[in-house]
Amino acid sequence: MIYVLDPVSKAVHARSHCEVEDLCFLLTITSIQTGQRDRAAIVRCAYELQSYLTCAMDVKVEEVQLLCPPSVNGSDAWSLEHLEKIAFYEGIGTGESAVIYQTSVKTYKFGNLDLRKKKTRRIWYSEQHLFSRITQQSHRTLDMREPHFYASKV
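Its first residue numbered 4, the sequence shown is counted upward by one per residue in the working numbering.
Written out as structure tokens, the structure reads:
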């Protein structure tokens, strides 16, 4: 089953399929309320990944993988790669920037910054950050008969 959040009503709907466009992240999650490990969360971009890891309650994130389309990975098929790091680089005085996704398979660069030039760097995600994450628990009660997310966000 695929659970989708309606951004307007905040209701969770159950669906039989979905389509994914562009790269995104697949998070292996465990419900801290039930201990179940039968779901994964799909997060659409690095910003939303940061938000999820910061704000999601009631789940332990076990692993983050990059779901990478053929247009990015250079192959004929989508790939699922263990994510190691996301770094944001900004050129000093140039206005140029780049985001680097480092996986267990490859490194992907998005942006026009020449990384040989002077720059600043911010780590947006690392495995160390993931492993140091403290799982927060909310006080919500789940109705298991209704579609629901394991994670609650503040």
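Even glycine gets a Cβ: it sits at the ideal position worked out from N, Cα and C.
| query | With distances taken from CA atoms, which of Pro-10, Val-7 and Glu-24 is nearest Leu-70? | reply | Glu-24
| Is the region 51-71 in contact with the region 30-38, if contact means three or more CB pairs nearer than 8 Å? | yes
| Any chance the region 89-101 sits against the region 120-127, with 3 or more Cβ pairs inside 8 Å? | yes
| request: Using only alpha-carbon positions, find the residue among Arg-40, Val-7, Met-60 and Phe-28 that is nearest to Leu-142. | output: Before going further, note that residue 142 is His rather than Leu in the sequence given. The option with the nearest alpha carbon to His-142 is Met-60.
| said: To the nearest angstrom, how far is the alpha carbon of Thr-106 from that of Cys-27? | reply: 13 Å
| task | Would you kindly work out how many angstroms separate the C-alpha atoms of Leu-8 and Arg-18, rounded to a whole number? | result | 11 Å
| said: Assuming Ile-89 and Tyr-128 are in contact, meaning their beta carbons sit under 8 Å apart, how far apart are those beta carbons, in whole angstroms? | reply: 4 Å
| Minimum length 3: unbroken beta strand (DSSP E) runs contained in the region 92-125 | 100-106 and 110-114
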